[in-house]
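Following the working numbering, the residues of the sequence shown are numbered contiguously, the last one being 422.
First comes the structure, then the notes that go with it.
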Amino acid sequence: MGSGGLGGGVMFLAIALLWGAVLVPAWFRRREFNAAERNALRLQRTLRVLAETAELPEEVRVEATAREALAHERLLRTAQKRQEAEREAELAAAKAEQVRAEIHAQQLRRKQVAMNRAAKLHKPIVRRMRSLAALIGLLGFVGALLGGGMMIAGVGPAVLLWSLLAFSVGVGTLVLIAPGRAKLAPIAAEQEVLAEATSQSATPEAAVEVSAENTAAAHQNAQRAAAERIERARAMARARQVRAAAPRENQPDSMLLREVRREAARAHQQAAASARNQSAETQPTAGTRPAAETQRSTQAPANPANPANPAKPAAPATRPNRLSELGVVGDTSEGMPDLDQVLRRRRTAG
73 MGSGGLGGGV MFLAIALLWG AVLVPAWFRR REFNAAERNA LRLQRTLRVL
123 AETAELPEEV RVEATAREAL AHERLLRTAQ KRQEAEREAE LAAAKAEQVR
173 AEIHAQQLRR KQVAMNRAAK LHKPIVRRMR SLAALIGLLG FVGALLGGGM
223 MIAGVGPAVL LWSLLAFSVG VGTLVLIAPG RAKLAPIAAE QEVLAEATSQ
273 SATPEAAVEV SAENTAAAHQ NAQRAAAERI ERARAMARAR QVRAAAPREN
323 QPDSMLLREV RREAARAHQQ AAASARNQSA ETQPTAGTRP AAETQRSTQA
373 PANPANPANP AKPAAPATRP NRLSELGVVG DTSEGMPDLD QVLRRRRTAG
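Put into structure tokens, the structure is as follows:
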């Protein structure tokens, strides 16, 4: 039993040592390798995106800028249409206000006529005329009754005719000068005038004059406000018509696209100027190169016996070009190593 338990413990100890010494480091190495592969893939993808961005042609950039300009111009047209709709709504509101002002003015005129007539019918002489007309109508009615009885008795129709005539005259006069015939619905803006007229019933003529002045002033103010609104709306409509009649540019010749083309031309000119500067820097180096070659050709016959000591080559004259090309991203498709091959070599080596 003791030897069997000892053998099992030794086996477990060996397994633990094997797991700790071999499997755990292999697992850590595999984990680091996978992380390195992911980082390499991310780096490769980033480099490709940067290369594509750096090599983006100018035509594509101009096209993208033109597309943005067209979208901006479309937004401007939408805003202009919204403003035109608002102006049309304001014009319609001004017309409706003018119609309401005219209706209100008609109501004020009718009110003024009714109040003037009521004031005239409340004068003392009109009251006396109404009393006299009522008396004549009453006498005519009584006379008509008596004339009817006398006509039945055979006296004659003269009394009946004169009585009917007097009754008709009296009733007609009462109908013509009867007060309160032209009453209208009260207007909220004129309730103060009505209150003054009722409070000053002892002096109806003064009340009629004050109400007439107030109604005339209110009518003038309403007409003036309506005329100002109509004039403002018409001015807006004329300005809109002038703006619509002005020649509009098509999208290919719009102002925004012209600005984009101008910026592209400016960038092209700057690129051409930088190219000319680089060519001007390379010309002195090209001029010094033939001078060095002629100097070496003149020095070569002078030392024919020293073939073992050849002349040292001149310093390369491409350093200015290299300095002038600093910061310029060239063709990265050939010089950049292939990360897939590098990772494949690492896998085979591991």
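For each residue, glycine too, the CB sits at the ideal point set by N, CA and C.
Check, Outcome
"Pair within 8 angstroms by beta-carbon distance, residue 41 and residue 208", "Residue 41 lies beyond the stretch modelled for the chain, which goes from 73 to 422, so this question has no answer here."
"For residue 80, three-class secondary structure by DSSP", "helix"
"Status (buried if at least 16 other CB within 10 Å, exposed otherwise) for residue 232", "buried"
"Buried/exposed call for residue 187, threshold 16 Cβ in 10 Å", "buried"
"Member of 156, 185, 148 and 336 whose CA lies at the smallest distance from the CA of residue 314", "156"
"Rounded separation between residue 281 and residue 197 - CA only", "Confidence in residue 281 is poor, its pLDDT being 48 and thus under 50, which makes the residue's placement too unreliable to answer from."
"Meets three-Cβ-pair contact criterion under 8 angstroms: the stretch 163-183 and the stretch 298-315", "yes"
"contact_flag[the stretch 178-185, the stretch 333-351] where n(CB pairs < 8 angstroms) is 3 or more", "no"
"Buried or exposed (CB count within 10 angstroms, at least 16 for buried), residue 100", "exposed"
"Sequence ranges, alpha helix (DSSP H) only - wholly within the stretch 99-161, length at least 4", "none"
"Alpha-carbon spacing of residue 149 relative to residue 415, whole angstroms", "56 angstroms"
"Of the residues 235, 160 and 230, the one placed nearest residue 214, counting alpha carbons only", "235"
"Alpha-carbon spacing of residue 98 relative to residue 124, whole angstroms", "39 angstroms"
"Residue 212 vs residue 238 beta-carbon contact at 8 angstroms", "yes"
"Cut-off 7 angstroms between Cβ atoms - residues of its own chain near residue 216, not counting five sequence neighbours on either side", "232, 235, 236 and 239"
"Check whether residue 249 and residue 200 have beta carbons under 8 angstroms apart", "no"
"Three-state secondary structure assigned by DSSP to residue 176", "helix"
"Enclosing alpha helix (DSSP H) for residue 234 [first to last residue]", "230-248"
"Spatial neighbours of residue 295 in its chain, beta-carbon cut-off 8 angstroms, leaving aside the 5 residues before and after", "173 and 177"
"For residue 340, three-class secondary structure by DSSP", "helix"
"Rounded separation between residue 87 and residue 96 - CA only", "12 angstroms"
"Nearest-angstrom Cα separation, counted from residue 151 out to residue 141", "15 angstroms"
"The alpha helix (DSSP H) enclosing residue 95, as first and last residue numbers", "Unbroken run through residue 95: none, as it is neither H nor E."
"Own chain, CB closer than 8 angstroms to residue 206, minus 5 neighbours either side, in chain order", "242 and 246"
"Residue closest to residue 412, alpha-carbon to alpha-carbon, out of 154, 112, 158 and 91", "112"
"Cβ-Cβ distance between residue 297 and residue 180 below 8 angstroms", "no"
"Backbone secondary structure at residue 195 - three-state DSSP", "coil"
"Residues near residue 420 in its chain [Cβ-Cβ closer than 7 angstroms; skip 5 each side]", "none"
"Where residue 227 sits in the DSSP three-state scheme", "coil"
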